[in-house]
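Heads up: the structure comes next, in structure tokens.
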Amino acid sequence: MKELYVLGICGSQRKGGNTEKALDMVLSTLGGHGIETELVQLYNKDIRGCTSCRYCRAMPAVACSIKDDFYPEIFEKMVRADGIILGAPVYFGSIPAKLKGLLERAGMLSEGRISIETPVDDKKWPGARSGIKSDKKTKGGGLYRGKVGGAIVTTRRTGANAALAELLMWFMICNFTVVSSSYWTVLIGGKRVPDAVKFKKEGKEYFTSDLSKDTLEQDEEGREDLVDFAENYIEVLSRLRG
Ligand SMILES: Cc1cc2nc3c(=O)[nH]c(=O)nc-3n(C[C@H](O)[C@H](O)[C@H](O)COP(=O)(O)O)c2cc1C
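In terms of the numbering used here, the sequence shown opens at residue 5 and continues consecutively.
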């Protein structure tokens with residue numbers, strides 16, 4: 005079997021938080037089956053959203069006008085990967101802004117391309133297959149076509165379905181095959197812990213609540229759903245990419 009490589013992307017701003025732990029659990033199961041895995045964290049990265057400049061659509065080979073921690077480094081890993089697993093905490097009923105920015109740009113760089121070396125043929129589609137210009141298929145399948153996608157969301161309380169849907173919809177617009185589980189891949193139950201975080205400013209102490217990092221431990225059903233997800237993921241990945 006071919007060497008397979010799966011990239012996990014953790015959209016959390018907390019190192020060692022709930023989302024990282026959930027992704028670790030799945031990636032270590034994949035690793036146990038001989039799959040090469042890597043986890044990219046976004047908490048310490050500078051990543052901006054798409055500016056709609058159209059530079060990437062005009063350049064002959066793939067290129068982004070914004071040079072930051074997403075491009076080229078993370079983008080190149082995404083293109084190399086056989087599969088990508090996205091992890092996000094819920095932030096106000098949605099995914100965190102940095103992850104959203106990454107997905108906007110990763111999607112825009114890919115759409116319609118056949119490879120990173122060839123131009124995206126924006127000039128011929130849409131219209132090509134509707135018979136207006138020609139019957140030749142001109143829209144490429146994108147750089148992620150045939151890769152395997154999966155998503156995990158962690159939440160203190162609610163908003164997870166919308167965030168999970170955002171991640172799954174990104175995979176679907178980008179031509180991934182998406183892996184499911186025996187339930188939605190959501191871990192729920194982080195607690196607010198009052199007065200757990202201390203700040204010092206000008207000699208004075210301030211306290212605030214912490215969003216505890218125990219979601220994975222306390223959500224037994226969620227953990228089982230991740231086990232099923234990991235098993236499905238390995239099966240789909242081996243069948244499609246092995
Ligand atoms: C800015 C912000 C917004 C949040 N919004 C929500 C929310 O809408 N619903 C919810 O249940 N939890 C919300 N949370 C809590 C986190 O989603 C939850 O604690 C998550 O498990 C944190 O994951 P992490 O440990 O990987 O950071 C929010 C946390 C932050 C920092």
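Just so it is clear, CB atoms sit at the ideal spot from N, CA and C, and this is done for glycine as well.
Nearest CA to the CA of residue i: which residue from the options?
{"i": "residue 147", "options": "201, 157, 91 and 80", "result": "80"}
{"i": "residue 65", "options": "210, 118 and 52", "result": "118"}
{"i": "residue 58", "options": "68, 49 and 198", "result": "68"}
{"i": "residue 31", "options": "160, 203, 155 and 180", "result": "155"}
{"i": "residue 144", "options": "120, 116, 165 and 164", "result": "116"}
{"i": "residue 160", "options": "185, 204, 98 and 206", "result": "98"}
{"i": "residue 25", "options": "51, 230, 164 and 242", "result": "230"}
{"i": "residue 240", "options": "173, 87, 201 and 55", "result": "87"}
{"i": "residue 245", "options": "150, 43 and 172", "result": "150"}
{"i": "residue 95", "options": "170, 112 and 35", "result": "170"}
{"i": "residue 175", "options": "232, 90 and 39", "result": "90"}
{"i": "residue 12", "options": "85, 166 and 185", "result": "85"}
{"i": "residue 181", "options": "43, 242 and 228", "result": "242"}
Considering just the uninterrupted stretch of the alpha helix (DSSP H) at residue i, what are its terminal residues?
{"i": "residue 79", "result": "79-84"}
{"i": "residue 45", "result": "Not the alpha helix (DSSP H): residue 45 falls in the beta strand (DSSP E), residues 40-45."}
{"i": "residue 166", "result": "164-177"}
{"i": "residue 90", "result": "Segment 87-93 is the beta strand (DSSP E) holding residue 90; no alpha helix (DSSP H) there."}
{"i": "residue 30", "result": "22-36"}
{"i": "residue 150", "result": "Taken as a continuous stretch (DSSP letters only), residue 150 belongs to no alpha helix (DSSP H), as it is neither H nor E."}
{"i": "residue 225", "result": "224-245"}
{"i": "residue 61", "result": "59-62"}
Bridge partners of residue i, per DSSP?
{"i": "residue 202", "result": "211"}
{"i": "residue 249", "result": "One cannot answer for residue 249 here, as it falls past the ends of the chain, which runs 5 to 246."}
{"i": "residue 155", "result": "90"}
{"i": "residue 181", "result": "152"}
{"i": "residue 196", "result": "215"}
{"i": "residue 69", "result": "Note: residue 69 sits in no beta bridge, so no partner."}
{"i": "residue 98", "result": "95"}
Among residues of its own chain, excluding the 5 on either side of residue i, which ones have a beta-carbon nearer than 7 Å to its beta-carbon?
{"i": "residue 222", "result": "193"}
{"i": "residue 197", "result": "213, 214 and 216"}
{"i": "residue 22", "result": "93, 158, 191, 194, 217, 219 and 220"}
{"i": "residue 73", "result": "49, 50 and 51"}
{"i": "residue 186", "result": "229 and 232"}
For residue i, which residues in the same chain have their Cβ closer than 8 Å to its Cβ, ignoring the five residues on either side in sequence?
{"i": "residue 53", "result": "101, 104, 105, 108 and 109"}
{"i": "residue 209", "result": "202 and 203"}
{"i": "residue 45", "result": "14, 16, 19 and 24"}
{"i": "residue 164", "result": "94, 157, 158, 188, 190 and 192"}
For residue i, I'd like the list of residues in its chain whose CB is within less than 6 Å of its CB, leaving aside the five on either flank, ordered along the chain.
{"i": "residue 195", "result": "216"}
{"i": "residue 19", "result": "47"}
{"i": "residue 177", "result": "none"}
On the DSSP letters alone, give me the boundaries of the beta strand (DSSP E) that residue i sits inside.
{"i": "residue 14", "result": "9-14"}
{"i": "residue 191", "result": "190-192"}
Taking only beta-carbon positions, decide if residue i is within less than 9 Å of chain B.
{"i": "residue 73", "result": "Within the model displayed, chain B is absent; a lone protein chain is all it includes."}
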